[in-house]
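Enquirer: In our numbering, the protein residues as written are -5 to 85. No residue lacks a Cβ here, since even glycine has one placed at the ideal position from N, Cα and C. This one's a predicted model, so the numbers in the text were calculated from it and none came from an experiment. Submitted below is the structure of interest, expressed as C-alpha cells.
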Amino acid sequence: MEQIQTSPQKAAAKSFDENEMLLRIRAALKSMRNQKIPFIGPFRRANGQIVIATGKFVLTGNELIELMERGRLDATGIEALVGVLNGHKNR
C-alpha cells in the first residue's frame, strides 16, 4: 500500500466527489489526532480504497466518514463499529 500525499495540484485533478471524500477523510483524521487516537496512514489499496490502521483495526475512508457524521469518531465508536462488522452486539 502506498501512503497518500494530497496537494492542491493533485486535488484539482481529481473529480469533485473524490476531492470531497478526501477532504472529509482529512477532517476525520484531524479529529482523531486531536483526540490522540493513534493511527497509521492513510493508505490507498490497489483497488483505490483508502484505509487507515488504528490499533488492531483497519478502517476504510467511508467508515471514518460515517463515524464522523454520526458523532461517533472516538475510540468507543471505532470499537463498536468493528464489533458490529465482526458480528458482535453493538455496545
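1. What does DSSP give as the partner residues of Ala47 in its beta bridges?
2. From Pro36 to Gln29, what does the alpha carbon distance come to, in whole angstroms?
3. Please tell me whether Ile31 and Leu58 are closer than 8 Å, where the distance is taken between their beta carbons.
4. With 16 other CB atoms within 10 Å as the buried threshold, where does Gly55 fall?
5. Less than 7 Å between C-beta atoms, sequence neighbours within five positions excluded: which residues of the same chain meet that for Ala47?
Expert: To lay it out plainly:
1. As a first step, residue 47 must be located in the sequence shown, where it is residue number 53. Ile34 and Val52.
2. Numbered from 1 along the sequence shown, position 42 holds the residue referred to as residue 36. Numbered from 1 along the sequence shown, position 35 holds the residue referred to as residue 29. Rounded to the nearest angstrom, the two C-alpha atoms are 17 Å apart.
3. Along the sequence shown, one-based indexing puts residue 31 at 37. Along the sequence shown, one-based indexing puts residue 58 at 64. Not closer than 8 Å, so no.
4. Here the question's residue 55 lines up with position 61 in the sequence shown. By the neighbour-count rule (16 or more Cβ atoms within 10 Å), Gly55 is buried.
5. Taking the first residue of the sequence shown as 1, we reach residue 47 at position 53. Excluding sequence neighbours, Ala47 sits near Phe33, Ile34 and Gly35.
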